[in-house]
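Undergrad: Supplied in structure tokens, the structure appears directly below.
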Amino acid sequence: MGSANLAGVRRWIRQRLAPRLPHLSDVRVSIVGECVFRPQGLPADAHLRLPPRLAFGFEAAHWLPRLPDGHKCRRLHGHSFRVEIAGGDPSNLAEILGDVYQDLDHIHLNELDGLENPTSEVLARWLWQRLSPEVAGLSAVVVAETCTARCIYRGDSPPSP
């Protein structure tokens, strides 16, 4: 969203809401986060046994149909996902991950083939299967859906929490 759109949002709030909610008369509107594909290099992490990685984030919605009725994650909700990929040539990897970002950002994950039950673990394996033909030396896919919930997928071994 550009600055012109942000100004429009601010104007709408001031015109429509501030007359009834005076504390909004001097509202400021900004974007939290970047909302663009901007991969970031990460150093090796000895504690998690991860080599250097390229990371990016995306926003998406999902629901987890295999959870019991009443579980909060069975309802449609969204996350600011963070993905880290270890392996391949970093300059080439950024281009490949840009395509992945375009396919995942601001969508309903359940609608993609193979992601009908899109847990972080399933998404990590899906990413591995998508990337492994193109990324030589792929050694880890990390998917975090919150700052406290992530998994590390290292190929055919089961994902680790």
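Going from the sequence shown to my numbering is simple: count from 1 and add 509.
Here a beta-carbon is modelled for each residue, glycine too, at the ideal position from N, C-alpha and C.
For the region 544–553 against the region 562–569, are there 3 or more C-beta pairs whose distance is under 8 Å?
TA: yes
Undergrad: Among S534, N514, A569, which has the Cα closest to the Cα of L613?
TA: A569
Undergrad: Should V536 be labelled buried (16 or more other beta-carbon atoms within 10 Å of its own) or exposed?
TA: exposed
Undergrad: What number of angstroms, rounded off, separates the C-alpha of Y662 from the C-alpha of A633?
TA: For Y662 and A633, the distance between alpha carbons rounds to 6 Å.
Undergrad: For G607 versus F546, is the C-beta distance shorter than 8 Å?
TA: yes
Undergrad: Which word fits M510, buried or exposed, when buried means at least 16 other C-beta atoms lie within 10 angstroms of its C-beta?
TA: At M510, the pLDDT of 48 sits below 50, so the modelled position is not reliable and the matter cannot be decided from this model.
Undergrad: Which runs of the beta strand (DSSP E) at least 3 residues long sit entirely within the region 532–581? Give them in chain order.
TA: 549–551, 562–571
Undergrad: Would you list the residues sitting across from L662 in a DSSP beta bridge?
TA: Per the sequence shown, the amino acid found at residue 662 is Tyr instead of Leu. Bridge pairing for Y662: V650 [DSSP].
Undergrad: Find the nearest neighbour of V609 within the set R639, R584, S629, judged by alpha-carbon distance.
TA: R639
Undergrad: Go through its chain and collect everything with a Cβ distance to L526's Cβ below 6 Å, but skip five positions before and after it.
TA: Once the five neighbours on either side are set aside, the close Cβ partners of L526 are L533.
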